[in-house]
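Report on one structure; see the data block that follows.
Residue numbers (my numbering): 20 to 212.
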């Protein structure tokens, strides 16, 4: 099967190799480019927890004193791996998505034990900060990066030749459909978010 990977270029090599080991051919056609923000102010508070819904937020965050000792809850395996690679000492992957992560935090942490630092990109699929705040937590959100839209010149060619595309998010799905109108006519079973 010929598949198009729409993830940012830095995320492609491992996924491409995995797909090729499974017998697929894979082409990189990133729809977003990760651009770290240079001036992110993270207040030095006594955080009980750091949470992240994006591996890129963990990869690009600038340290504050003692940050690596604060427990990190990541939404899934990629963000967990990024936290470990970044040197955080106490990491766990919980929830599988924003709502699952929010439910885990609500069930296992106390709002009275201190604020939560939430590391994210500028655009998120759901509002973890608001979800936690409605449950009494104080949440300091730090936007670490922007995901800038890019349209590969050859995406129409790849799209016409591909058997499927790996899209990963509602935003990427919208960009895919806007970039490649013929994808709207593709077999729906092959176009997964």
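Every residue, glycine too, gets a C-beta built ideally from N, C-alpha and C. Note that this is a predicted model, so its numbers are computed, not measured.
**Request:** Could you please give me the residues that DSSP links to residue 30 through a beta bridge?
**Result:** Paired residues: none, contrary to the question.
**Prompt:** Can you give the Cα-Cα distance for residue 134 and residue 158, rounded to whole angstroms?
**Reply:** 6 Å
**Message:** Using 8 Å as the threshold, is the C-beta distance between residue 155 and residue 130 below it?
**Reply:** yes
**Residues near residue 88 by beta carbon distance below 8 Å, same chain, minus five either side** = 108, 109
**Asked** Since residue 151 is in the alpha helix (DSSP H), which residue starts that stretch and which ends it?
**Response** 147–152
**Request:** Can you tell me the Cβ-Cβ gap for residue 160 and residue 50, rounded? I've got them flagged as a contact below 8 Å.
**Result:** Not really, about 24 Å apart at Cβ, beyond 8 Å.
**Item:** Distance between residue 153 and residue 20 (C-alpha atoms, nearest Å)
**Value:** 45 Å
**Message:** For residue 132, report the span of its beta strand (DSSP E) as first-last.
**Reply:** Careful: residue 132 lies outside any beta strand (DSSP E) and carries neither H nor E.
**Prompt:** If we call anything under 8 Å between Cβ atoms a contact, is residue 69 one with residue 22?
**Reply:** no
**Request:** Excluding the 5 residues preceding and the 5 following residue 31 in the sequence, name in chain order all residues of the same chain whose CB lies nearer than 6 Å to its CB.
**Result:** 24, 47
**Identity of the residue in 44, 37, 28 nearest residue 183 by Cα** = 44
**Request:** Using a threshold of 8 Å, state whether the C-beta atoms of residue 76 and residue 163 are closer than that.
**Result:** yes
**Prompt:** Mapping DSSP to helix, strand and coil, what is residue 48?
**Reply:** coil
**Request:** Round the Cβ separation of residue 92 and residue 123 to the nearest angstrom and send it over; I've been treating them as touching at under 8 Å.
**Result:** 7 Å
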